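Chains as they are written, first to last, in my numbering: chain A, 14 to 157; chain B, 29 to 526. Single-structure report; data block below.
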């Protein structure tokens, strides 16, 4: 991304969120809409000002590029979302076990030996079972 | 007082204080498992104890939990408790560059110093200081929240407009659900799960922790830099030297924490942010803040630990809990048959003073406990490979987000906000201003609406908002903070250019 693209995207986000916030205030009471309206206006003004400054000021030096690994990002987000959505249907232990294995595979960059895999699996299973016991038996938190 | 001190120093109470600090520190270190939860979970165990012993345990757990939040803030950039938000800002950069052990030791020393100031204020100044709590009405809360929001200018590190947009997004997020006054249902998209609003702790975990997870996955290098020569000790002497050089920062931050702690519902997160902002504003090296400044960690930890003692002042003197853990401890007091109020310091002074001395002892015990736990936590995080660290942190975030209300929707909210937070951070919208808006929005809105209604009923809205001494003092402080940060920037720019 060029040096001007990021602030422009941020300003578009600010303006879009602000317009959305304002568009939803019609059915609210007079006092109930004060804060959403104020926050929406701040977001829009901030976004417009940022865009204007970005366009008007000299082009800043390009910053160091951030590392990016799109397949890993998508896979991580998919696992996290899937984990959250599967908590109820699969249950705490099964969904956590599957997701932990999936995340370990995504984070892996070098081949792992059998011993290492066994240790990872044992520690992961121990962690899940320990917290399942702690939550359900000690803290009386009902688990899905 | 001497009898109370000896009672607090009895072997039984010392052991209870130590166990309380250890339990609190470990619970507080886990993201999502807050000080409130630590106290709430363990409070039933105190019902069979002597009142003073039970209170010492609860005070020790609370103290330990507030400090414990610093570990995850420093080592994985996820505040274990909301009070540690400001700790993450400089703690994690320090850990990234290989100074995580020093950051943990500094946070421990800062917490002990702040905790002692708060406890001493409780011991000697409780009745007069409690009057401050009574002087705070809705309008003062409103202005206090506005003051807190003005810190966005400080937190956004030169990118004020980006901070402003982030703060506004946080404010809009805080409006989701039923309005705090009036009951308007806002931005719920017809989802009953959103009626209660965006839950703060899951949002906090998501916005801070999920981006760290994603970054850990995409970066091939180690999570934290490991310096073998620095893994042997606590770096205590070095940390003590830094603390001595930062002594004014320590005292100022501890006093801010005590003062904010006295104000009901303000809490450690507000105290930490205010103290952090003041430390940065008054520092000669303000540009280092956010990049691993020692003073940032010291300010945050000294102030959030000082809120523990400060919060007990209105709790014990007025029966008004300063924070949620104070409310639980207040309930425990009532179960023990202790009636709070000004007479508590005369009629049942033995219990109060034993408790206060117990709190001081627990704070002192935090030093060896915190250093030892912190050292091993640091070594553990540094040595664990990413294939184990990423799933372990993800699992703890899920546990933390779920355990608060046993609600899977909160977990989903945590994940969605986390992914959006990571995307937002890629274009410069950092998490801190968003979190600040989310936390302070409801306080500001409730204060504004109540002040508006009361002012309207009295026929003097202008006087209600601008005619009260404390309000005027906070307004002046807000303006001073905004103006001075601008002046400093302008003063420094020519030097940098030259």
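Idealized CB from N, CA, C, for every residue including glycine. All figures in this text were calculated on a predicted structure; none of them were measured in a lab.
Contact annotation for residue 87 of chain A against chain B: no contact, minimum CB-CB distance about 10 Å [criterion: below 8 Å]. The beta carbons of residue 398 of chain B and residue 129 of chain B sit no closer together than 9 Å. DSSP, read as helix, strand or coil, puts residue 85 of chain A in helix. A buried status is given to residue 461 of chain B, since no fewer than 16 other beta-carbon atoms sit within 10 Å of its beta-carbon.
Not a single CB atom of chain B sits nearer than 9 Å to the CB of residue 17 of chain A. Within the DSSP secondary-structure output, residue 205 of chain B pairs in a beta bridge with B/214. Take residue 230 of chain B, set aside five residues on each side of it, and the residues of its chain with a beta-carbon closer than 6 Å to its own are 429, 438, 441 and 442, in chain order. Annotation: the continuous alpha helix (DSSP H) that includes residue 378 of chain B extends over 377 to 411.
With a threshold of 16 other beta carbon atoms within 10 Å, residue 149 of chain A falls short and is exposed. By the criterion of at least three beta-carbon pairs nearer than 8 Å, the stretch 357 to 366 of chain B is not in contact with the stretch 307 to 321 of chain B.
With a threshold of 9 Å between beta carbons, residue 407 of chain B makes no contact with chain A. For the pair residue 82 of chain B and residue 57 of chain B, the CB atoms are not nearer than the 9 Å cut-off. Inter-residue distance for residue 82 of chain A and residue 414 of chain B is about 16 Å (C-alpha atoms, whole angstroms). In the structure shown, residue 351 of chain B adopts coil according to DSSP, grouped into three states. The shortest CA-to-CA distance from residue 480 of chain B to any of B/468, B/469, B/493 and B/470 is the one to B/493. Remark: C-beta atoms of residue 449 of chain B and residue 239 of chain B approach each other more closely than 9 Å. With 16 or more other Cβ atoms from the protein chains shown falling within 10 Å of its own Cβ, residue 354 of chain B counts as buried.
One finds 416 and 420 in chain B with Cβ atoms closer than 9 Å to the Cβ of residue 136 of chain A, taken in chain order.
Minimum Cα-Cα distance from residue 44 of chain A among the listed residues B/285, B/333, B/263 and B/208 corresponds to B/208. Residue 440 of chain B has a beta carbon lying within less than 9 Å of a beta carbon in chain A. Straight-line measurement puts the Cα of residue 203 of chain B at about 10 Å from the Cα of residue 223 of chain B. Residue 387 of chain B sits close to residue 88 of chain B, with the two beta carbons spaced by under 9 Å. By the rule that beta-carbons nearer than 9 Å mark a contact, residue 394 of chain B does not touch chain A. Note on the stretch 255 to 319 of chain B: whole alpha helix (DSSP H) runs with a minimum of 4 residues are 264 to 273, 275 to 290 and 295 to 310, in chain order. Taking residue 215 of chain B as the centre and dropping the five residues before and after it, the same chain places the C-beta of 203 and 204 closer than 7 Å to its C-beta, in chain order.
Counting other Cβ atoms within 10 Å of its Cβ, residue 105 of chain A reaches 16 or more and is therefore classed as buried. Inclusion of residue 134 of chain B and residue 322 of chain B in the CB contact set at 9 Å is warranted, their separation being smaller than that value.
For the options A/142, A/46, A/107 and A/84, the alpha carbon positioned closest to that of residue 211 of chain B is the one of A/46. Around the Cβ of residue 101 of chain A, a 10 Å sphere holds fewer than 16 other Cβ atoms; the residue is exposed. In the DSSP assignment, residue 81 of chain B falls within the alpha helix (DSSP H) that extends over 79 to 104. For the 9 Å CB-CB criterion, residue 137 of chain B and residue 268 of chain B form a contact. For residue 53 of chain A, the three-state secondary structure derived from DSSP is helix. Here DSSP, grouped into helix, strand and coil, assigns residue 244 of chain B to helix.
In this structure, the straight-line span from the alpha carbon of residue 510 of chain B to that of residue 366 of chain B is close to 45 Å. Here residue 18 of chain A is exposed: its Cβ has fewer than 16 other Cβ atoms, across all protein chains shown, within 10 Å. Using a CB distance cut-off of 9 Å, residue 488 of chain B does not count as an interface residue toward chain A.
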